[in-house]
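From first to last, the protein sequence lines stand for chains A and B. If you use my numbering, the first sequence corresponds to residues 6 to 167, in order. If you use my numbering, the second sequence corresponds to residues 2 to 211, in order. Each remark here refers to the structure printed beneath this line.
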Amino acid sequence: MKPFEQVVTEHADTVLRVCRAVVGVHDADDAWSETFLAAMRAYPDLPEDANVEAWLVTIAHRKAIDITRARARHAIPVDELPDRPSTTGRPDAADPDLWSAVKALPAKQRQAVAYHHFAGLPFRDVAGLVGGTPEAVRRAASDGIKALRTTLADTHSKGVSP
Amino acid sequence: MNDTIGAPDDETAALLARAAVPAGAETLSRLHGRLEEAAAREGILDVAYTTIDSPVGRLLLASTEQGLVRVAYAIEDHDKVLDTLTTRLSPRVLRAPRRLDEAARELDQYFNGSRKTFDLPLDMALSKGFRQLVQRHLPGIGYGHTQSYAEVARLVGNPKAVRAVGSACATNPLPVVVPCHRVLRSDGTLGGYAGGADAKSILLNLEAAG
């Protein structure tokens with residue numbers, strides 16, 4: 006077994022990417038912290054041959070659900086948080102266009118893109134995580150990518166982004 | 002059905018590359034800091050560690066909730082030392098300098114000559130039996146003083162165990178703080194040292210000057 010520090014170093018980026026995709030840039034830090042804290046708690050019992058990245062994505066998925074539910078409970082109905090991360094002290098919550106486009110996807114597509122394309126999980130594993138068949142996940146991922154390409158092509162042509 | 006990540010077309014690849022831009026060092030270090038705090042608060046930070054620079058090279062400092070558990074020289078290979086801590090203590094090992102602040106401060110003072118004894122809680126979990134008995138005796142050898150392996154053997158009540166005292170010193174998990182560098186051969190020559198002979202003379206010279 007590796008020191009947990011090494012797990013953090015190796016997977017910090019992927020988990021952050023997944024969190025940004027699934028709960029949005031605004032809540033990604035909380036989701037990331039909750040994920041690694043839960044992972045550290047459970048780490049001594051993780052089987053030696055486990056796929057650590059898939060395990061972390063599974064935890065991130067559950068934490069994302071918790072955070073989304075908590076948000077929904079405390080939501081202020083009229084107020085939509087600005088997507089542009091003008092937040093200071095967050096210089097590299099980069100690429101606001103990309104992350105707001107991801108945020109705009111329907112949940113199934115967003116999860117399929119995040120877990121399959123951003124985290125590298127096979128469709129079969131993503132299906133195990135979010136429900137449905139691997140084929141449905143594959144379609145959702147493909148539709149999600151298509152939608153992202155369209156949205157980003159639009160923002161680009163409107164000259165909104167450099 | 003293609004269940005793996007096949008080669009995406011160029012436009013998709015460009016999109017994925019955009020998503021894959023690594024988070025900056027600043028973001029990751031802020032997140033890491035949050036994890037350190039939360040883990041300590043929740044009582045799951047079993048082993049915290051940091052590294053400091055010193056006149057005897059880079060030192061790894063590691064601490065459990067009980068106290069300082071390991072000081073390691075660079076030539077011991079810090080990665081290997083962390084692997085050992087993982088196996089022998091807990092895999093919940095995190096770089097978390099905060100818990101080592103006091104140890105780092107006292108070591109700084111020691112190396113600049115302003116501190117002669119350490120006042121730190123120690124965790125002796127990494128040594129057992131006779132070795133631990135010897136290591137517990139070592140802080141009794143005052144700053145600037147030395148004893149021979151034979152003297153130490155006699156003082157811990159086992160005059161024949163000169164070699165065993167040697168291995169107790171060689172396996173001291175807390176060098177510098179538990180002063181095994183103050184134990185020399187009976188003929189006055191240095192004897193071995195986990196940090197290398199140079200480190201041993203640097204420490205002895207430092208203490209001779211003070």
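Think of the CB as a built atom: it goes at the ideal place given N, C-alpha and C, for glycine as much as any other residue. Since this is a predicted model, take the numbers as computed values, not measurements.
Whole-number beta carbon distance between residue j and residue i, since they are thought to touch under 8 Å
i       : j       : result
L62(B)  : I150(A) : Not confirmed; about 47 Å, so no contact.
V166(B) : V177(B) : Not confirmed; about 18 Å, so no contact.
V118(A) : A146(A) : 6 Å
C181(B) : L207(B) : At roughly 15 Å, the Cβ-Cβ gap does not stay under 8 Å, so C181(B) and L207(B) are not in contact.
G211(B) : G145(B) : 6 Å
Closest residue to residue i among the options (Cα-Cα distance)
i       : options                               : result
T172(B) : Y74(B), T65(B) and A210(B)            : Y74(B)
M45(A)  : D84(B), L185(B), A209(B) and R93(B)   : R93(B)
G1(B)   : V179(B), R132(B) and Y144(B)          : With chain B represented from 2 up to 211, any question about residue 1(B) goes unanswered, as that position is not in the structure.
S91(B)  : Q136(B), V48(B) and G167(B)           : V48(B)
T155(A) : A43(A), R115(A) and A106(A)           : A106(A)
T14(A)  : I76(B), T88(B) and L95(B)             : L95(B)
H66(A)  : D50(A), A43(A) and P52(A)             : A43(A)
E107(B) : G141(B), L139(B), A126(B) and V179(B) : V179(B)
R115(A) : A69(A), R76(A) and A47(A)             : A69(A)
K117(B) : A209(B), L134(B), D10(B) and R19(B)   : A209(B)
P160(B) : Y144(B), V135(B) and H182(B)          : V135(B)
R99(B)  : A26(B), A169(B) and A39(B)            : A39(B)
H122(A) : A77(A), E39(A), R76(A) and A59(A)     : A59(A)
R19(B)  : V27(A), D100(A) and A132(A)           : D100(A)
G79(B)  : A104(B), T52(B), R35(B) and L127(B)   : In the sequence as presented, Gly is not what sits at residue 79(B); that position holds His. For the residues A104(B), T52(B), R35(B) and L127(B), the minimum Cα distance to H79(B) belongs to T52(B).
L121(B) : L127(B), G130(B), F112(B) and L101(B) : L101(B)
P111(A) : T138(A), R144(A), Y48(A) and G133(A)  : R144(A)
E77(B)  : L123(B), H146(B) and Y194(B)          : Y194(B)
T87(B)  : L127(B), D11(B) and E43(B)            : L127(B)
E103(B) : Y50(B), L204(B) and G25(B)            : Y50(B)
T147(B) : L204(B), E66(B) and M125(B)           : L204(B)
I64(A)  : A77(A), R25(A) and A47(A)             : A47(A)
W104(A) : V131(A), G136(A) and C24(A)           : C24(A)
P49(A)  : G145(B), A162(B) and R89(B)           : R89(B)
G68(B)  : P56(B), F112(B), Y150(B) and M125(B)  : M125(B)
Beta-bridge partners of residue i, as assigned by DSSP
i       : result
Y74(B)  : L60(B)
T52(B)  : L61(B)
S38(A)  : None; S38(A) has no bridge partner.
R96(B)  : Y50(B)
S187(B) : S187(B) is not bridged to any residue.
L205(B) : L205(B) is not bridged to any residue.
S147(A) : Note: S147(A) sits in no beta bridge, so no partner.
L110(A) : DSSP lists no partner for L110(A).
Q148(B) : V184(B)
L69(B)  : S64(B) and L123(B)
Length of the line joining the Cα atoms of residue i and residue j
i       : j       : result
L60(B)  : V82(B)  : 11 Å
L185(B) : W37(A)  : 51 Å
A141(A) : I45(B)  : 39 Å
N56(A)  : L126(A) : 10 Å
H16(A)  : P23(B)  : 11 Å
L153(A) : T28(B)  : 25 Å
D54(B)  : H79(A)  : 48 Å
G197(B) : A33(A)  : 47 Å
R31(B)  : A109(A) : 27 Å
L175(B) : T85(B)  : 14 Å
R137(B) : S115(B) : 23 Å
D148(A) : V20(A)  : 23 Å
Q110(B) : G143(B) : 17 Å
L191(B) : S168(B) : 14 Å
A56(B)  : A26(B)  : For the sequence presented, residue 56(B) should be read as Pro rather than Ala. Those two C-alpha atoms are separated by around 29 Å.
S91(A)  : V27(A)  : With a pLDDT of only 45 at S91(A), under 50, the local geometry of the prediction cannot be trusted, and no value is derived from it.
V72(B)  : F128(A) : 46 Å
Environment of residue i [buried if 16+ CB atoms lie within 10 Å]
i       : result
A14(B)  : exposed
D188(B) : exposed
D71(A)  : exposed
R74(A)  : exposed
G141(B) : exposed
S64(B)  : buried
E10(A)  : buried
G29(A)  : buried
T40(A)  : buried
P52(A)  : exposed
E37(B)  : buried
K201(B) : buried
R42(B)  : exposed
I102(A) : The amino acid occupying residue 102(A) in the given sequence is Asp; Ile does not appear at that position. Buried.
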